[in-house]
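*Asks:*
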Amino acid sequence: MLISSAVLCQIALNLARPLISYKVLALGGDAVVVGLASAAYALLPVVIALWLGRVTDRRSSLRGIIVAGTVLLAAGPFLLSAAPSLLLIGIASAVLGLGHLCFTIAGQAAIARFLPFNEMDAAFGWFTAAFAVGQLAGPLLAGLFMGAAQDVPAAARLADANTALMLATAISVLAVPAALGASVKQPKKEPTAEPNSRNSPPASVASLLGTPTVKTNMAASLALLATTDILVAFLPLLGEERGVAPVMVGVLLAIRAGASISSRLLLPVLLSHWSRPGLVTASLAGAAIPLAFLPWLFEVPILAGVLLAIAGFFLGLGQPITMTLISRAVPAASRGAALALRLLGNRLGQVTLPLAAGLLAAPTGPGGSLWMSSAVLIAACIKRPRK
């Protein structure tokens, strides 16, 4: 049931997020405003992520947090559809981000708490694959609603976006019963805890950040997730600039997500041949290279699709592995907090990098945001330890 609710919530989320860009443009905004709206999505999570992680460590049942996240993921698109101004779009985007944070932290904490280490990679892989299914279906639906026509009047674009946002609301509402049925209660026996580890005091933030494995995998996760966010926010802008119809942009985003699903489902096979740290490094480098070429080839749909398929495969590969590596590096009593700290790093990246991408896109065009993403991925790759 957790996976089912994750699929529905992520379809709604990823249907709504590309529409934010189109609605901003229809209301007269530019690339800088798109960057601000994308940053607003991560702003509230930056403030409460670590606190929420500590809460998940203390609670025996995580169902309430998952349901709260699902309800917020329904409220966000509804508020977006009703928003008449750029300021209210930013506020609604923040509500959407808060819902995603609640759902994600509670879901990850349940996996880290209740499963043995040898099952974590597969479980995190399935959990993030559910997210990728939403990242595939959501942009496709958004593209279908926005249509294949170009040079559409702003009023028509706005009406199409608002209708699609109401569909996103309905999909999130459908996820509530699945979230209520999610099995995330404390078991009688703790299968993942080492002796006395659950009774040990929680590690401090400084201690968690001082753990090399936590620090390097936080950086990798930040780079991978922020890049995915920048693709969702700025590919619609690149499409508008290059004359690529919204429906084709939706298809390209879906190709990226489909490739991420494949890498996550292949994770057990890949781990039987390569180490976890090696696969994370490959994930960073493998995503950076095709994204560097994408702005030059975006008008050729087949080539753009191939580049996004390669980038998507590697973008999807690293995220679940960083969750396992961080979970294994900290005491059992601090796993929820450590995963929340990882998400806090992700959200900091989602605030700062889209803002930077928007500022860079103003003089260089939307392609500049993709070159910046490629540079961030390479930087995270270089900083990883060599073994």
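Residue numbers for the sequence shown follow this note's numbering, so the first one is 37 and each next one is one higher. Beta carbons are placed, not taken as given, at the ideal position from N, Cα and C, and that holds for glycine.
#1: Report the rounded CA-to-CA distance for residue 48 versus residue 306, giving the unit in angstroms.
#2: In the DSSP assignment, find the alpha helix (DSSP H) that holds residue 322 and state where it starts and stops.
#3: If residue 381 and residue 258 are in contact, beta carbons under 8 Å, what's the gap, nearest whole angstrom?
#4: Taking just the CA atoms, how far does residue 102 sit from residue 285?
#5: Please report how far the alpha carbon of residue 274 lies from the alpha carbon of residue 171, in whole angstroms.
#6: Reducing DSSP to helix, strand and coil, say where residue 299 ends up.
#7: Taking all protein chains shown into account, do 16 or more other C-beta atoms lie within 10 angstroms of the C-beta of residue 153, making it buried, or fewer, making it exposed?
#8: For the region 177-184 against the region 90-98, do three or more pairs of beta-carbon atoms, one drawn from each stretch, fall closer than 8 Å, so that the two count as touching?
#9: Evaluate contact between the region 107-119 and the region 160-169, counting only Cβ atoms and requiring at least three cross-stretch pairs below 8 Å.
#10: In whole angstroms, what is the alpha-carbon distance linking residue 409 and residue 253?
#11: Taking its Cβ as the centre, do 16 or more other Cβ atoms sit within 10 Å of residue 309, making it buried, or is it exposed?
#12: Quick check on residue 121: does DSSP put it in helix, strand or coil?
#13: Between the C-alpha atoms of residue 256 and residue 302, what's the straight-line distance to the nearest angstrom?
#14: Need the endpoints of the alpha helix (DSSP H) that residue 387 sits in, please.
#15: Does the count of Cβ pairs from the region 380-398 and the region 333-349 closer than 8 Å reach three?
#16: When you compare only the Cα positions, how much space is there between residue 272 and residue 53?
#17: List the endpoints of the continuous alpha helix (DSSP H) containing residue 66.
#18: Between the region 258-268 and the region 130-138, do at least 3 Cβ pairs fall closer than 8 Å?
#19: Keeping to the same chain, check which residues put their C-beta closer than 6 Å to that of residue 412; ignore five residues upstream and five downstream.
#20: Alpha carbon to alpha carbon, how far is residue 169 from residue 294?
#21: Among 291, 358, 373, 199, whose alpha-carbon lies nearest the alpha-carbon of residue 320?
#22: Does the distance from the CB of residue 93 to the CB of residue 372 come in under 9 Å?
#23: Please work out which residues of its chain come closer than 8 Å, Cβ to Cβ, to residue 304, disregarding the five sequence neighbours upstream and downstream, and give them in chain order.
#24: Suppose you measure from the CA of residue 354 to the CA of residue 148; what does that come to, to the nearest Å?
#25: Enumerate in chain order the residues of its own chain whose CB-to-CB distance from residue 137 is below 8 Å, with the five nearest sequence positions on each side excluded.
#26: By the three-class DSSP mapping on this structure, what secondary structure does residue 226 have?
#27: Under three-state DSSP, which class holds residue 56?
#28: Take the Cβ of residue 348 as the centre, count every other Cβ of all protein chains shown within 10 Å, and call the residue buried at 16 or more, exposed below.
#29: What residues are listed by DSSP as bridge partners for residue 405?
#30: Our contact map puts residue 212 next to residue 43 with C-beta atoms below 8 Å; I'd like the distance itself, whole angstroms only.
#31: Reducing DSSP to helix, strand and coil, say where residue 96 ends up.
#32: Where do the ends of the alpha helix (DSSP H) carrying residue 156 lie?
#33: From what residue to what residue does the alpha helix (DSSP H) around residue 257 run?
*Replies:* On the basis of the supplied data:
#1: In the sequence shown, the residue the question calls residue 48 occupies position 12. In the sequence shown, the residue the question calls residue 306 occupies position 270. Roughly 30 Å separates the two Cα atoms.
#2: Here the question's residue 322 lines up with position 286 in the sequence shown. Here the alpha helix (DSSP H) through residue 322 covers 312-333.
#3: Your numbering for residue 381 matches position 345 in the sequence shown. Your numbering for residue 258 matches position 222 in the sequence shown. About 5 Å separates the two Cβ atoms, so the contact holds.
#4: By one-based count along the sequence shown, residue 285 stands at place 249. By one-based count along the sequence shown, residue 102 stands at place 66. Taking the straight line from one Cα to the other gives about 31 Å.
#5: Residue 274 sits at position 238 when you count from the first residue of the sequence shown. Residue 171 sits at position 135 when you count from the first residue of the sequence shown. Distance between the alpha carbons of residue 274 and residue 171: 19 Å.
#6: Sequence index remark: in the sequence shown, residue 299 carries index 263 (1-based). Note: residue 299 maps to helix in three-state DSSP.
#7: Along the sequence shown, one-based indexing puts residue 153 at 117. The residue is exposed, with fewer than 16 neighbouring Cβ atoms inside 10 Å.
#8: no
#9: no
#10: In the sequence shown, residue 409 corresponds to position 373, counting from 1. In the sequence shown, residue 253 corresponds to position 217, counting from 1. Between residue 409 and residue 253, the C-alpha separation is close to 17 Å.
#11: For this step, residue 309 is matched to residue 273 along the sequence shown. When all chains shown are included, residue 309 counts as exposed.
#12: For the purposes of this step, residue 121 is identified with residue 85 of the sequence shown, where counting begins at 1. Correct three-state label for residue 121: coil.
#13: What you label residue 256 is simply residue 220 of the sequence shown in a count that begins at 1. What you label residue 302 is simply residue 266 of the sequence shown in a count that begins at 1. Going from the Cα of residue 256 to the Cα of residue 302 covers about 20 Å.
#14: Counting from 1 along the sequence shown, the entry for residue 387 is found at position 351. Element bounds for residue 387: 371-400.
#15: no
#16: Residue mapping note: residue 272 aligns to position 236 of the sequence shown, counting from 1. Residue mapping note: residue 53 aligns to position 17 of the sequence shown, counting from 1. Between residue 272 and residue 53, the C-alpha separation is close to 11 Å.
#17: Against the sequence shown, residue 66 aligns to sequence position 30. Looking at the DSSP string, residue 66 is not in any alpha helix (DSSP H), and its letter there is neither H nor E.
#18: no
#19: As a working note, residue 412 is residue 376 in the sequence shown. Cβ within range, chain order: 259.
#20: Residue 169 sits at position 133 when you count from the first residue of the sequence shown. Residue 294 sits at position 258 when you count from the first residue of the sequence shown. Taking the straight line joining both Cα atoms gives about 7 Å.
#21: The sequence position of residue 320 within the sequence shown is 284, counting from 1. Residue 320 has its Cα closest to that of 358, out of 291, 358, 373, 199.
#22: As a position in the sequence shown, residue 93 is number 57, starting the count at 1. As a position in the sequence shown, residue 372 is number 336, starting the count at 1. Yes, these two residues count as a Cβ contact at 9 Å.
#23: Locating residue 304 in the sequence shown gives position 268, counting from the first residue. These residues qualify, in order along the chain: 157, 158, 161.
#24: Residue mapping note: residue 354 aligns to position 318 of the sequence shown, counting from 1. Residue mapping note: residue 148 aligns to position 112 of the sequence shown, counting from 1. Their backbone Cα atoms lie some 17 Å apart in a straight line.
#25: For this step, residue 137 is matched to residue 101 along the sequence shown. Around residue 137: 80, 81, 84, 85, 88, 105, 379, 383.
#26: Against the sequence shown, residue 226 aligns to sequence position 190. Residue placement at residue 226 is poorly supported in this model, since its pLDDT is 46, which falls under 50; the coordinates still yield a value, given next. Residue 226: coil per DSSP, three-state reduction.
#27: Your numbering for residue 56 matches position 20 in the sequence shown. Note: residue 56 maps to helix in three-state DSSP.
#28: Residue 348 sits at position 312 when you count from the first residue of the sequence shown. The residue in question, residue 348, is buried, as its Cβ has 16 or more Cβ neighbours within 10 Å.
#29: If you number the sequence shown from 1, residue 405 lands on position 369. Partner(s): none; residue 405 has no beta bridge.
#30: Residue 212 sits at position 176 when you count from the first residue of the sequence shown. Residue 43 sits at position 7 when you count from the first residue of the sequence shown. That belief does not hold up - the Cβ atoms of residue 212 and residue 43 are roughly 14 Å apart, past 8 Å.
#31: Numbered from 1 along the sequence shown, position 60 holds the residue referred to as residue 96. Residue state, collapsed to three classes: coil.
#32: The residue labelled residue 156 in the question sits at position 120 within the sequence shown. From DSSP, the alpha helix (DSSP H) with residue 156 extends over 153-182.
#33: Here residue 257 refers to the residue found at position 221 of the sequence shown. From DSSP, the alpha helix (DSSP H) with residue 257 extends over 248-278.
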